[in-house]
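So the sequences go chain by chain: A and B.
Remember, the numbering used here sits 34 above the position in the first sequence when you count from 1.
Remember, the numbering used here sits 34 above the position in the second sequence when you count from 1.
Where a beta carbon is used, it is the ideal one built from N, C-alpha and C, also for glycine.
Beneath this line is the structure, given in structure tokens, with notes to follow.
There are 2 protein chains.
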Amino acid sequence: MARTPIAVLPERERGECTPIDTRMKPERAAEVADLLKVLADPTRLQIVVTLRDLGDAVCVCDCTAAFGLSQPTMSHHLARLRDAGLVDVTRRGGWAYYRMRTDLPAPTKRLIAAL
Amino acid sequence: MARTPIAVLPERERGECTPIDTRMKPERAAEVADLLKVLADPTRLQIVVTLRDLGDAVCVCDCTAAFGLSQPTMSHHLARLRDAGLVDVTRRGGWAYYRMRTDLPAPTKRLIAAL
DNA sequence: CAGATATATCGACGGCCATCGATGCGAACA
DNA sequence: TGTTCGCATCGATGGCCGTCGATATATCTG
């Protein structure tokens, strides 16, 4: 089923493009791409990795101080992680504690573990 | 070293935000984020997964037919994968064969394997 | 209640990017 | 040499997003 290796291949007729069989369905690709978009930001990436390794919760003011970004920006990033289902929030008093969700789908877990 | 668990924590003074210790350096985060940006597109994601599982080369016309996009767009996507160092190109006659690079850094390999 | 603190939301701005049609370029073939 | 085919590049366009200041909301304190 493997395609002819490139070193042997080039016996190819002009105007005959052999269609490739995609290994990932478009719907699944869209899902994974959306997840990757959420992770494809330096700040959010650091937050995710930190939450993953810390195994504990942080609140917005902590992140704001750590990354040198404005409070609205940090709130925006955390909201984006929350909308993606990666973290959840627990409000306690004035503070909002964000921590990594533990019930993530296995493929998502594997991806985050590979970061 | 672990932070106080959220269930026990909230003994917190107002105006005292404890800075978190980031688990990923900013420079590394920027690198990984750039890689994720490249992968965070449904078309490129399908190409990468296909090339990964196929272990062989495809040319632009194959992809164009498979994904229903214009030839310039497909050329753009493959160029982006090439610029990111994920694939390399071998020109043979009129065709350009793209295949997954085998000398990727270990972290990159792990990430692609987790897709 | 008045003030302070933590967070969320809003509106705006600037930049990046996916996509396309048009065009250029190189290789093969008649 | 002229034509055709595969691919790359260019310029334009529309949309998404990271960032911020300003503002709203909620909670606590006095």
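- Annotation for Ala130 of chain A: the continuous beta strand (DSSP E) segment containing it runs Trp129 to Met134.
- Around Arg86 of chain A, the same chain offers Met134 and Ile146 as residues with beta carbons nearer than 7 Å, after the five sequence neighbours per side are excluded.
- Beyond the five residues adjoining it in sequence on each side, Leu103 of chain B comes within less than 7 Å, by CB distance, of Thr77 in the same chain, given in chain order.
- For Val92 of chain B, the chain A residues whose C-beta falls within less than 7 Å of its own C-beta are Ile54, listed in chain order.
- Using beta-carbon distances, Val123 of chain A does not count as an interface residue toward chain B, since no partner is under 8 Å.
- Annotation: the continuous alpha helix (DSSP H) that includes Asp68 of chain A extends over Pro60 to Leu73.
- When DSSP states are grouped into helix, strand and coil, Arg125 of chain B belongs to the strand group.
- The beta-carbon of Arg57 of chain A is placed less than 8 Å from the nearest beta-carbon of chain B.
- The bridge partners DSSP lists for Val92 of chain A are A:Tyr132.
- Take the alpha-carbon of Thr124 of chain B and the one of Val83 of chain A: they are about 37 Å apart.
- At least one CB atom of chain A sits nearer than 8 Å to the CB of Ala67 of chain B.
- Taking C-alpha positions only, Cys97 of chain A is separated from Ile81 of chain A by approximately 8 Å.
- A direct Cα-Cα distance of roughly 18 Å separates Val92 of chain B from Asp137 of chain B.
- In the assembly as shown, Asp75 of chain A is a buried residue. Its beta-carbon has 16 or more other beta-carbons within 10 Å.
- Cβ contact annotation for Asp68 of chain A (same chain, cutoff 8 Å, sequence separation greater than five): Ala118, in chain order.
- A residue is called buried when at least 16 other Cβ atoms come within 10 angstroms of its Cβ; Ala140 of chain A does not meet this threshold and is exposed.
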